[in-house]
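S.K.: Have a look at this one before I ask anything.
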Amino acid sequence: NWKKWPDIIQEGEEVIFTEKLHGTWACFGYHPDHTVPIVTSKGLSEKGLAFKFNDANENNLYIKAFKATAEYNPEDPVHGKEDIVTMHRRLGLSLTPFYILGEIYGPGVQDLTYGETTPKFRAFAVYMGNPGYGNYLDYDLFTLLCETLNIPMVPLLYKGPFSYDVMMEHTDGKEVVSGKEACIREGIVINTEEERRDPLLGRVILKSVSDKYLTRKGNTTEFN
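Counting from 1064, one number per residue, gives the positions in the sequence shown under our numbering.
Here you go:
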């Protein structure tokens, strides 16, 4: 949280603000040691586990979101449907582990549904390499890769020099995912334009959460 680490990002440093979605963390990936895509949740990934592609998981939220996301738009006349393994190999990355990190959101996930009728996935980072030994892509490369693979991204709200005032201006407001301002904004995620690490924090990535989100009423949920 930015409030805990207010000095990590300096005034004037080039940053990226993206909308923080109220959903559940998910990872879609590829590893050359595996013949099937990797689909995992926050809890499973911390244990080094992933969901199996089997009948028992046919209606699993993460598996369904993966199948709905990791393919080309069927309306695109140039490309047929491809899973993430095929995409990865087509890009010449077959020897490199590759992980798309993002958020699954919508009905049945959290209390904010963003006006969706089915759960959706949006990417917020791409990690290349074995866990702990690879690196996150800078924002421009992340964007290029997601556009190449037709993977939807979390909305970009701001790109430019950091300031407290600009951060607060973007923290509150309505969501822009749906384009219909269907609910309040949870807040923003702050990345440096070029990936960097801090000796104490590690990867420099912070969040600024809306007070209106924190004080919202009703059947609120905070599932991981």
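Think of the CB as a built atom: it goes at the ideal place given N, C-alpha and C, for glycine as much as any other residue.
Residues in the same chain with beta-carbon distance under 7 Å from T1180, minus the five sequence neighbours each way, listed in chain order, please.
M.R.: P1170.
S.K.: Is the number of C-beta pairs between the region 1222–1231 and the region 1188–1198 that are closer than 8 Å three or more?
M.R.: Segments in contact, no.
S.K.: What residue does the alpha helix (DSSP H) around C1209 start on, and which one ends it?
M.R.: Taken as a continuous stretch (DSSP letters only), the alpha helix (DSSP H) holding C1209 covers Y1202 to L1212.
S.K.: Check whether the Cβ atoms of L1084 and E1244 sit closer than 8 Å, and answer yes or no.
M.R.: Result no, Cβ atoms of L1084 and E1244 do not sit closer than 8 Å.
S.K.: Can you list, in chain order, the residues of its chain with a C-beta nearer than 6 Å to that of F1184? Leave out the 5 residues immediately preceding and following it.
M.R.: Only A1128, T1132, G1165 and I1167 meet the Cβ criterion.
S.K.: Where does I1071 sit, in a helix, a strand or coil, going by DSSP?
M.R.: It is coil, neither helix nor strand.
S.K.: What are the uninterrupted segments assigned as alpha helix (DSSP H) that are 4 or more residues long and contained completely in the region 1161–1195, given in chain order?
M.R.: The region 1161–1195 contains no whole alpha helix (DSSP H) run of 4 or more residues.
S.K.: Please work out which residues of its chain come closer than 6 Å, Cβ to Cβ, to E1076, disregarding the five sequence neighbours upstream and downstream, and give them in chain order.
M.R.: Cβ within range, chain order: F1225.
S.K.: Could you check which residue in K1110, L1112 and T1103 has the C-alpha nearest to that of N1123?
M.R.: Measuring from the Cα of N1123, the nearest candidate turns out to be T1103.
S.K.: Does at least one heavy atom of the ligand ZN sit under 7 Å from the Cβ of Y1177?
M.R.: The model on display carries no ligand, and the ligand ZN is accordingly not part of it.
S.K.: Compute the Euclidean distance between the alpha carbons of K1270 and A1119, then round it to the nearest angstrom.
M.R.: Distance between the alpha carbons of K1270 and A1119 is about 36 Å.
S.K.: What are the partner residues of G1223, as DSSP defines its beta bridges?
M.R.: DSSP lists V1078 as partners of G1223.
S.K.: In this structure, how does DSSP classify G1236 when only helix, strand and coil are distinguished?
M.R.: Note: G1236 maps to coil in three-state DSSP.
S.K.: In chain order, what residues of the same chain have a beta carbon less than 6 Å from the beta carbon of A1188, not counting five sequence neighbours either side?
M.R.: Result list for A1188: L1164 and Y1199, in chain order.
S.K.: Could you round the C-beta distance between T1255 and V1267 to whole angstroms and report it? I think they count as a contact, below 8 Å.
M.R.: 5 Å between Cβ atoms; contact.
S.K.: Quick check on the DSSP output: the beta strand (DSSP E) that includes L1264 runs from which residue to which?
M.R.: Element bounds for L1264: n/a, residue is neither H nor E.
S.K.: Can you tell me where the alpha helix (DSSP H) with A1119 in it begins and where it stops?
M.R.: Here A1119 belongs to no alpha helix (DSSP H), and DSSP marks it neither H nor E.
S.K.: Do you know how far the Cα of E1082 is from the Cα of V1229?
M.R.: Whole-angstrom Cα-Cα distance: 14 Å.
S.K.: So, using beta-carbon positions, are Y1190 and Y1162 closer together than 8 Å?
M.R.: Taking 8 Å as the Cβ cut-off, Y1190 and Y1162 qualify as a contacting pair.
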